[in-house]
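So the protein sequences, as listed, match chains A and B. Quick note, the first sequence lines up with residues 51 to 534 if you use our numbering. Quick note, the second sequence lines up with residues 17 to 496 if you use our numbering.
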Amino acid sequence: MLHNLSIGELAERLNSRELSSVELTRHYLARIERFGATLNAMITLTAERALADAAQADLRLKGGERGPLLGIPLIHKDIFCTDGVRTSCGSRMLDNFIAPYDATVVTRLKEAGVVMLGKANMDEFAMGSSNETSYYGPVKNPWNTRKVPGGSSGGSAAAAAARLAPLATGTDTGGSIRQPAALTGITGIKPTYGRVSRYGMIAFASSLDQAGVFARSVADAVPALQVMAGFDPRDSTSVDAPVPDYAAALGKPLKGLKIGILREFFEGLEARNAALIHDALNVYKDLGAQTVEISLPHLPASVPTYYVVAPAECSSNLSRFDGVRYGYRCEQPKDLLDLYKRSRGEGFGAEVKRRIMTGTYVLSAGYFDAYYLKAQKVRRLITDEFRTAFTQVDLLIGPTTPTPAFDLGAKVDDPVTMYLNDIYTIGANLAGLPALSLPCGFLDGLPMGLQLMGPHFSEDRLLCAGHAYQLATDWHKRAPEGYE
Amino acid sequence: MADWEVVIGLEIHAQLATKSKIFSGAATAYGAPPNSQANLVDLAYPGVLPVLNAAAVRMAVKFGLAVGAKVAQRSVFARKNYFYPDLPKGYQISQYELPIVARGTLQIVLDDGAVKTVGITRAHLEEDAGKSLHEGLANASGIDLNRAGTPLLEIVSEPDMRSAKEAVAYMKKVHTLVRYLEICDGNMQEGSFRCDANVSVRPKGREKFGTRAEIKNLNSFRFVEKAIQYEAARQIELIEGGGVVVQETRLYDSDKHETRSMRSKEEANDYRYFPDPDLLPVEIDQSFIESVRATLPELPDEKAARFAKDFALSPYDAGVLSASRELGAYFEATVANLGAAHAKLAANWVMGEVSSALNRDNLDIGDSRVSPPELSALLTRIVDETISGKIAKEVFEKMWLERKSADAIIEASGLKQITDSSAIEGVIDAVMAANPKQLADYRSGKDKLFGFFVGQVMKATGGKANPAQLNELLKAKLGG
Chain A
51 MLHNLSIGEL AERLNSRELS SVELTRHYLA RIERFGATLN AMITLTAERA
101 LADAAQADLR LKGGERGPLL GIPLIHKDIF CTDGVRTSCG SRMLDNFIAP
151 YDATVVTRLK EAGVVMLGKA NMDEFAMGSS NETSYYGPVK NPWNTRKVPG
201 GSSGGSAAAA AARLAPLATG TDTGGSIRQP AALTGITGIK PTYGRVSRYG
251 MIAFASSLDQ AGVFARSVAD AVPALQVMAG FDPRDSTSVD APVPDYAAAL
301 GKPLKGLKIG ILREFFEGLE ARNAALIHDA LNVYKDLGAQ TVEISLPHLP
351 ASVPTYYVVA PAECSSNLSR FDGVRYGYRC EQPKDLLDLY KRSRGEGFGA
401 EVKRRIMTGT YVLSAGYFDA YYLKAQKVRR LITDEFRTAF TQVDLLIGPT
451 TPTPAFDLGA KVDDPVTMYL NDIYTIGANL AGLPALSLPC GFLDGLPMGL
501 QLMGPHFSED RLLCAGHAYQ LATDWHKRAP EGYE
Chain B
17 MADWEVVIGL EIHAQLATKS KIFSGAATAY GAPPNSQANL VDLAYPGVLP
67 VLNAAAVRMA VKFGLAVGAK VAQRSVFARK NYFYPDLPKG YQISQYELPI
117 VARGTLQIVL DDGAVKTVGI TRAHLEEDAG KSLHEGLANA SGIDLNRAGT
167 PLLEIVSEPD MRSAKEAVAY MKKVHTLVRY LEICDGNMQE GSFRCDANVS
217 VRPKGREKFG TRAEIKNLNS FRFVEKAIQY EAARQIELIE GGGVVVQETR
267 LYDSDKHETR SMRSKEEAND YRYFPDPDLL PVEIDQSFIE SVRATLPELP
317 DEKAARFAKD FALSPYDAGV LSASRELGAY FEATVANLGA AHAKLAANWV
367 MGEVSSALNR DNLDIGDSRV SPPELSALLT RIVDETISGK IAKEVFEKMW
417 LERKSADAII EASGLKQITD SSAIEGVIDA VMAANPKQLA DYRSGKDKLF
467 GFFVGQVMKA TGGKANPAQL NELLKAKLGG
């Protein structure tokens, strides 16, 4: 079936004109039609536009143009602005918002010839770990529809896992790509902070947000990442450094690679989960890698640090949603204050409000030093510890999540437990490091993820190690029942 | 009043003369139709990001160097959070803990000629807000975001001023400087140059400052003076009446010349400043600073000192003539033709006739209807005694109105001075003959009548007799 082919195989057929982009696009649109309602993975479908773009890609192919993504369908997380298409960010606040421009990520992928099928469901403003905070309702995990798919990029992950698209974009502020990738059994990469432009990506926490990609394998993710990466003059925090040829990096041997086992990630980890990671380590040892135990003493402070920094930034970033220029506006405001209060009160959901309030509090006069400033200091310590670790090892390894996908509704009333789901992923965001989640086995019939982290701008190394693992294993080839 | 001392510090907002905004590519020109110069970044659309305009940084550094301040190698943009419809992001990007310029000084000349140094605490970059429009809209307010994102340099002084006049002198000095540096057009009507004044009073001799009030948004020198005078008097009256000054923000009403409370300290916003994560710290190295230093023009104080020294002008004259680059250039061009020996004459004319004609016709020095070469041609005729200073003023008026050369006017109107002694003597003889009684009175000791005879001769010659010669010849003749 077409939806089980890799990106490389699809590109080959498109380039040889054995398959047209329109046919491929129709195939995926049909799958979305068939499974979309069950999974609730999509917020907006852009079928008509997708077919037009596919026809355009076919013309380019017919004209002799070739490319690894030319004519390949993709789903964008609904956090990326897409010109002329609703960009809701999973919120009632932007339910009526038609973006007037394309995010840089969208532009670059469009230029490479990808065909956007639609916009994926997500936690509201990317705040959540289960995709249950979306104004459009929760996304279901294709492995078990009573389970969450993870968040905040839950729609993208569920769609890629259910083969509703071969590729999906996501964003990762505290684990929002890696955690749902792990919980849905696919590959997800969060690049180095500054590697991919944030322009046009609706901000949650600016110093942590980074765009990345979901695919069924590392090899499938490579061409998309290659196109997305690179300096953007419209994002001052994007880094003007050359982008290596990621495809070329895939074949490098792992012999001599030093992998650090993060002690803090294994303390208190469920034995069955730890066993999966050790199995993966054995795979790497067989491939010639060495392993070293590494400790980052401040890493356990990641979660509280993150839950000060991220809300602080979000409380300010979300101030622009005031009902004045775009987005939700309350009915019949009495005066300016009423307009602000009711537009924001009615437009934002509970989790977003919780974080705005937390963030406003930690930035307030009298509390700033004790919270925000302290958190920044701890963040610096964690970053320094990672830097030191990477003078000793090439990569760090650990689990992506503490548990497999949990039941829908299980943690919605307990934010702290929910936040602890990000315990292994947040460190990379605080330090701005690239990280990758790979399927590494199953617990209770649900997929689990292996996390690799590297030093800044080591995406090539991470992809190489991830690819080598996938050549030696077949966890990433498993499809949820009914979606094969 | 004599027992009280007024303490004033100013926060001046100078709009930087960049072509585009500080964090977006939109144009900054004044007076465009509402919202025609606001792009997605200015409108704070979801997903957009700020990118710092290097020209604004360059201008801030230029100012820092001109006031002898420390230019920070690393400065940080921070967000100042508050809700207002003309602030689309819900925060203003400003600089808080680490400004780009710190610790400079400016010197002002007081009324008694003494020079006073005013400290500049800091100068930082920030973006302006938009404007709310309330007129002509029924049950609604309009928002014009053309000004949103315009770069501002906020220049914060130490509380070093001790009178409204000193505050005005300082503000004028900054105004002169920013125009010299070509970093601000100084247009106060359009709001390109405005200030907030922090005013407090304390008993003379006491060290501790009184509680201050901040008067917002003063956009003329006169308003600054009036507002401070009113506010100081208000505070003194309040204290003398047994009251206490509360820390608050006040607004100046320019119609009633009074200040009114806007909000108290308790009502003030908690701005929740924190470093803007969308912008990297501004890193400035020495070579950048040197490249900016190389573009510094001769500064007002340097020019004034040079004028005083090279042209033997009083500090006052030198100060007036260096108040703008254009005026200084006009004066120097005039002297260049006339010769430095006659610089005082040129100075008097530029500050006198030329300036009053410009004021009368509401023109800038650059639009003067008499150019420096034309003026120096006129002054040459005074120097070579072709005409008197008095006649020269008439000639100047004609030059201004008719745009003809001095020589052409002197020739056509027959204004050439009479320097022929025999001709003057002839007129003196006729005047003496026609006024026998006055002559007799003079000779019997009424010296005051000398002036009468000068007047009569001048009247008969149409004012053209050379005054020095006339004096001398008349004295001899009247003496018999």
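We treat Cβ as the ideally placed atom computed from N, Cα and C, and that holds for glycine.
Start and end of the alpha helix (DSSP H) containing residue i?
i        : result
B:Tyr107 : No alpha helix (DSSP H) holds B:Tyr107; the beta strand (DSSP E) holding it covers 107-111.
B:His191 : 180-196
Consider the Cβ of residue i: report whether some Cβ of chain A lies at a distance smaller than 8 Å.
i        : result
B:Phe99  : yes
B:Met17  : The predicted position of B:Met17 is uncertain, since its pLDDT is 47 and thus under 50; no value can be drawn from it.
B:Pro62  : yes
B:Leu122 : no
B:Arg279 : no
B:Phe79  : no
B:Phe225 : no
CB residue i to CB residue j, shorter than 8 Å?
i        : j        : result
B:Asp326 : B:Ala363 : no
B:Leu394 : B:Val370 : no
A:Ser203 : A:Met468 : no
A:Asp152 : A:Asp133 : yes
A:Leu480 : A:Arg429 : yes
B:Ile28  : B:Val190 : yes
B:Met177 : B:Val131 : no
A:Thr408 : A:Pro361 : yes
Taking the beta strand (DSSP E) that residue i falls in, what are its first and last residues?
i        : result
A:Gly448 : 445-449
B:Gln123 : 117-125
A:Thr94  : 92-95
Taking residue i as the query, report the chain B residues whose CB atoms sit under 9 Å from its CB, ordered along the chain.
i        : result
A:Leu386 : Phe99, Tyr100, Pro101, Ser157
Could you check if residue i is buried or exposed, using at least 16 other CB atoms within 10 Å of its CB as the buried criterion?
i        : result
B:Val22  : buried
B:Gly25  : buried
A:Lys461 : buried
A:Tyr78  : buried
B:Pro293 : buried
A:Glu572 : Here chain A covers residues 51 to 534 and nothing more, so residue 572 of chain A does not appear.
B:Met17  : Any reading at B:Met17 must be qualified, since the residue scores a pLDDT of 47, below 50, and its modelled position is unreliable; the value itself is stated next. Per the 10 Å Cβ criterion, exposed.
A:Pro230 : buried
B:Ala456 : exposed
B:Asp400 : exposed
B:Asp19  : exposed
Determine whether the Cβ of residue i lies closer than 8 Å to any Cβ atom of chain B.
i        : result
A:Val462 : no
A:Asp524 : no
A:Tyr422 : yes
A:Gly262 : no
A:Ala291 : no
A:Ser414 : yes
A:Thr441 : no
A:Pro216 : no
A:Leu144 : yes
A:Phe507 : no
Can you name the residues of chain B whose CB is closer than 7 Å to the CB of residue i?
i        : result
A:Tyr390 : Phe99
A:Cys380 : Simply none; closest approach about 15 Å.
A:Cys131 : Pro62, Gly63
Determine the chain B residues that contact residue i at a beta-carbon separation under 8 Å, and present them in chain order.
i        : result
A:Gly225 : Within chain B, no residue comes near A:Gly225; the closest Cβ sits about 19 Å away, beyond 8 Å.
A:Gly250 : Gly63, Val64
Under 7 Å Cβ-Cβ, which residues of chain A neighbour residue i?
i        : result
B:Tyr107 : Ser366, Ser369
B:Asp294 : Ser256, Ser286, Thr287
B:Leu59  : Arg375
Does any residue of chain E bring its CB to less than 8 Å from the CB of residue i?
i        : result
A:Pro283 : Within the model displayed, chain E is absent; protein chains A and B are what it includes.
Residues of chain A with a CB under 9 Å from the CB of residue i: which are they?
i       : result
B:Val67 : Pro283, Arg284, Asp285, Ser286
B:Leu56 : Pro150, Tyr151
Taking Cβ-Cβ distances shorter than 8 Å, what residues in chain A pair up with residue i?
i        : result
B:Pro104 : Arg370, Val374, Arg375
B:Asp286 : Ser414, Ala415
Mind checking whether the beta-carbon of residue i lies closer than 7 Å to any heavy atom of the ligand MN?
i        : result
A:Val189 : As for the ligand MN, it is missing from this structure, which has no ligand bound.
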